[in-house]
Amino acid sequence: MAELLIGQLLRFEGDPMTEGPDVARHSSRGAVVIEDGRIAAVGEADALRRDWPQAAVTDLGGRLISAGFVDAHVHYPQTQIIASWGKRLIDWLNSYTFPAEMRFADPRHAADVAALYLDLALDHGTTSMCSYATIHPESVDAFFAEAEARGMRAMAGKTCMDRNAPEGLRDTAQAAYDQSKALLQKWHGKGRLSYVITPRFSPTSTPDQLSALGSLWAEYPDCPMQTHLSEQVDEIAWVRELFPEARDYLDTYETFGLLGKNGIYGHAIHLEPREIARLREVGAALAHCPTSNTFIGSGLFDMRGLTVAGLRVGLATDTGGGSSFSMLRTMAAAYEVGQLRRYPLHPAQLWWLATQGAARALGIGHAVGNIAVGMEADLIAVDLHSTPAIAQRAAQAGNFWQALFPTIMMGDDRAIAGVWIGGKAVRAVS
Ligand code: GUN
Ligand code: ZN
Numbered sequence: 397m398a399e400l401l402i403g404q405l406l407r408f409e410g411d412p413m414t415e416g417p418d419v420a421r422h423s424s425r426g427a428v429v430i431e432d433g434r435i436a437a438v439g440e441a442d443a444l445r446r447d448w449p450q451a452a453v454t455d456l457g458g459r460l461i462s463a464g465f466v467d468a469h470v471h472y473p474q475t476q477i478i479a480s481w482g483k484r485l486i487d488w489l490n491s492y493t494f495p496a497e498m499r500f501a502d503p504r505h506a507a508d509v510a511a512l513y514l515d516l517a518l519d520h521g522t523t524s525m526c527s528y529a530t531i532h533p534e535s536v537d538a539f540f541a542e543a544e545a546r547g548m549r550a551m552a553g554k555t556c557m558d559r560n561a562p563e564g565l566r567d568t569a570q571a572a573y574d575q576s577k578a579l580l581q582k583w584h585g586k587g588r589l590s591y592v593i594t595p596r597f598s599p600t601s602t603p604d605q606l607s608a609l610g611s612l613w614a615e616y617p618d619c620p621m622q623t624h625l626s627e628q629v630d631e632i633a634w635v636r637e638l639f640p641e642a643r644d645y646l647d648t649y650e651t652f653g654l655l656g657k658n659g660i661y662g663h664a665i666h667l668e669p670r671e672i673a674r675l676r677e678v679g680a681a682l683a684h685c686p687t688s689n690t691f692i693g694s695g696l697f698d699m700r701g702l703t704v705a706g707l708r709v710g711l712a713t714d715t716g717g718g719s720s721f722s723m724l725r726t727m728a729a730a731y732e733v734g735q736l737r738r739y740p741l742h743p744a745q746l747w748w749l750a751t752q753g754a755a756r757a758l759g760i761g762h763a764v765g766n767i768a769v770g771m772e773a774d775l776i777a778v779d780l781h782s783t784p785a786i787a788q789r790a791a792q793a794g795n796f797w798q799a800l801f802p803t804i805m806m807g808d809d810r811a812i813a814g815v816w817i818g819g820k821a822v823r824a825v826s
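As C-alpha cells, then:
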C-alpha cells in the first residue's frame with residue numbers, strides 16, 4: 397500500500413555546485429508518496445492527498461523530509477578507533493589503524509563491527525556509503541551481509557596491501573586479484589550492493605599489485621574503484637621515493653590502469669595541475685573528507701578550484717580518520733574549510749554534497765541521494781529544532797536556509813527523527 401509522508405521537503409533539480417543554489421526546491425508543506433520501495437510522487441501535500449486518497453498518511457509536521465545522506469568514503473573497520481589522539485597519517489595508520497584492522501581476521505569480530513557501524517550510520521541518517529573493508533575477504537562478506545540484512549544500498553571492497561603493512565595485513569598481487577575477483581563476482585549487483593575494487597593507496601601496493609588490480613578493473617570497467625590520493629605532504633614525498641619514475645601521485649595509478657571514470661579518489665588535497673587535468677579528462681570523482689583532513693592535519697581541500705574544473709565531488713566522513721559519523725558535522729567541517737579557502741558553501745550546496753553529490757560521485761545518483769519519481773525511497777526526516785541551542789537560533793530564522801543552517805553547523809544524530817530504507821521506516825519518527 398502507498399504511504400504519504402508530509403512535511404517540509406528539500407530536493408534538487410540540478411547541481412548547485414555548478415548551477416547555483418536556486419536549483420534546490422524547498423516546500424514548507426510538501427509530500428512524498430512511497431510505493432513498492434520507490435518514490436511514486438512528489439509535490440505539495442494538499443494536492444497529493446487529493447490524488448492519493450488511499451495512501452496511509454504520516455504527517456511529520458515541521459520536520460524536513462530529505463534523501464538520506466550518502467557517505468562517499470568511509471572505513472567501517474575503523475569504527476572503534478575514531479577520535480584517536482595525536483598522530484598524522486602514516487603514524488596514525490601504524491599506531492591505530494593497522495592494529496584495529498588486524499582483528500578482522502576473525503569473522504565474528506567483522507560481523508559485530510559491521511553491524512555496529514551500519515546501525516550508527518542509520519542513527520545518523522546515512523542510508524548509503526562506500527566503505528573500505530580490510531585485507532580479509534571475510535570483512536567484505538560481513539559488511540555486505542549486514543547491509544543486505546538492513547536492505548541498504550551499500551558499496552565496499554577488500555582493501556589490498558602487499559607492502560609497507562605489518563605481517564597479517566599483507567596479501568600478494570595474485571591473492572589481491574583472486575580474492576577481489578571472487579568477492580566482486582559474489583556481491584557486485586546482488587540486490588542493492590556494489591563491489592568496489594580497492595587498492596588502499598600506492599605506498600602499500602607494489603607495482604605488481606597495482607597492475608593486477610588495474611587488470612581486474614579492465615575486466616569489469618563498470619565496477620567502481622576507490623583509493624586514496626595526495627592526502628598529506630609527507631605521504632606524497634614517500635610516494636615519490638617509492639615510484640621514482642612516476643610524474644606525480646596520480647601517475648602511480650594511471651600507469652597501472654587505475655585511473656578511470658568510475659574511480660573515486662579520496663582526499664585529493666595537494667594536487668598538481670596535471671593531476672587535476674587528467675582527473676577531469678577521464679571524468680573521475682573525488683571524495684572530500686573535511687573532518688579527517690583537519691583531524692589528521694592533512695590540509696584544505698580546494699572545493700572551488702576542483703568543482704570549477706568540472707570534477708564530481710562527494711562529501712565523506714572518512715571514519716575513523718574523520719572524527720564523526722555524522723554527515724551534518726561533515727557538512728559543518730566542509731563549510732569551515734570553505735571559509736578558510738574564502739569559498740563559503742551555501743547550505744544548498746552542503747546538503748547536495750552530502751546527498752546527490754556523493755551519490756553521483758559513487759555512480760549511484762540515478763537511484764539514491766535525491767527525491768524524484770522513480771528513485772529508491774531512502775529518506776530521512778530531520779528535526780530542525782533538535783537541541784535547545786539549535787532551536788533558539790532557528791527561531792530567529794527569516795527563511796528556510798537560515799532555519800536549516802544551525803542544524804548543519806550544530807546538528808548530530810539527535811536531529812535525525814526518522815529514517816526510511818527502501819520505503820520502510822527503520823528509525824522511528826520520534
Ligand atoms: N591512506 C591510506 N589509508 C588510509 C586510511 O585508512 N585513512 C586515511 N585517512 N588515509 C589513508
Ligand atoms: Zn580513507
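Once you know that position 273 of the sequence shown is 669 in this note's numbering, the rest is easy, because the numbers rise by one and skip nothing.
C-beta: ideal position from N, C-alpha, C; glycine also.
The structure displayed is predicted, hence computed values, not measured ones.
Status (buried if at least 16 other CB within 10 Å, exposed otherwise) for residue i
| i | result |
| --- | --- |
| R559 | exposed |
| I497 | In the sequence as presented, Ile is not what sits at residue 497; that position holds Glu. When all chains shown are included, E497 counts as buried. |
| S424 | exposed |
| L736 | exposed |
| W583 | buried |
| N658 | buried |
| E671 | buried |
| D467 | buried |
| P595 | buried |
| T751 | buried |
| A441 | buried |
| M397 | exposed |
| E399 | buried |
| Y446 | Strictly speaking, residue 446 in this sequence is Arg, with Tyr absent from that position. Result: exposed. |
| D698 | buried |
| R738 | exposed |
| N795 | exposed |
| K586 | exposed |
| W448 | buried |
| Q450 | exposed |
| G662 | buried |
| E650 | buried |
| V769 | exposed |
| W481 | exposed |
Residue of the options minimising C-alpha distance to residue i
| i | options | result |
| --- | --- | --- |
| K483 | S576, G716 and L589 | G716 |
| S576 | A642, L758 and G610 | G610 |
| W816 | D418, A517, V704 and H422 | A517 |
| V822 | R810, M806 and D774 | D774 |
| A712 | G706, A729 and I593 | A729 |
| D714 | D698, S694 and Q450 | S694 |
| S719 | G521, A545, I692 and G710 | I692 |
| G428 | P412, I402 and E415 | Looking at the sequence itself, residue 428 is Val, so the reference to Gly does not match. It is I402. |
| H471 | Y616, V592, G653 and H781 | V592 |
| G547 | G819, T414 and D502 | G819 |
| F500 | M806, T651 and G564 | G564 |
| I477 | P503, A578 and Y492 | Y492 |
| R434 | F408, G458, A463 and T414 | A463 |
| E415 | G553, F801, E627 and G753 | G753 |
Whether residue i touches residue j by CB criterion (9 Å)
| i | j | result |
| --- | --- | --- |
| V678 | G656 | yes |
| A538 | R588 | no |
| Q798 | A787 | no |
| R708 | R756 | yes |
| F465 | M771 | no |
| L405 | V453 | no |
| L638 | A664 | no |
Start-to-end residues for the beta strand (DSSP E) that takes in residue i
| i | result |
| --- | --- |
| G410 | Where G410 is concerned, there is no enclosing beta strand (DSSP E), given that its DSSP letter is neither H nor E. |
| M551 | R549 to G553 |
| L775 | L775 to V778 |
| A468 | F465 to H471 |
| I817 | I812 to I817 |
| A790 | No beta strand (DSSP E) holds A790; the alpha helix (DSSP H) holding it covers P784 to A790. |
| T713 | That residue, T713, is in no beta strand (DSSP E); it is neither H nor E in DSSP. |
| A763 | That residue, A763, is in no beta strand (DSSP E); it is neither H nor E in DSSP. |
Presumed contact (8 Å Cβ cut-off) between residue i and residue j, rounded CB distance
| i | j | result |
| --- | --- | --- |
| S535 | A506 | 5 Å |
| R676 | A705 | 5 Å |
| I812 | D519 | 7 Å |
| I660 | L758 | 6 Å |
| P686 | V733 | 5 Å |
| I461 | A777 | 6 Å |
| L381 | Y573 | Since the first residue of the chain shown is 397 and the last is 826, residue 381 is not available in this structure. |
| R725 | D808 | 6 Å |
Residue span of the alpha helix (DSSP H) that contains residue i, given as start and end
| i | result |
| --- | --- |
| D574 | A569 to W583 |
| Y616 | Note, Y616: premise wrong, no alpha helix (DSSP H); not H, not E. |
| D508 | P503 to D519 |
| I531 | Premise fails: I531 is in no alpha helix (DSSP H) and is neither H nor E. |
| A730 | M723 to L736 |
| L746 | P743 to L749 |
| G426 | Unbroken run through G426 is the beta strand (DSSP E), A420 to E431; no alpha helix (DSSP H). |
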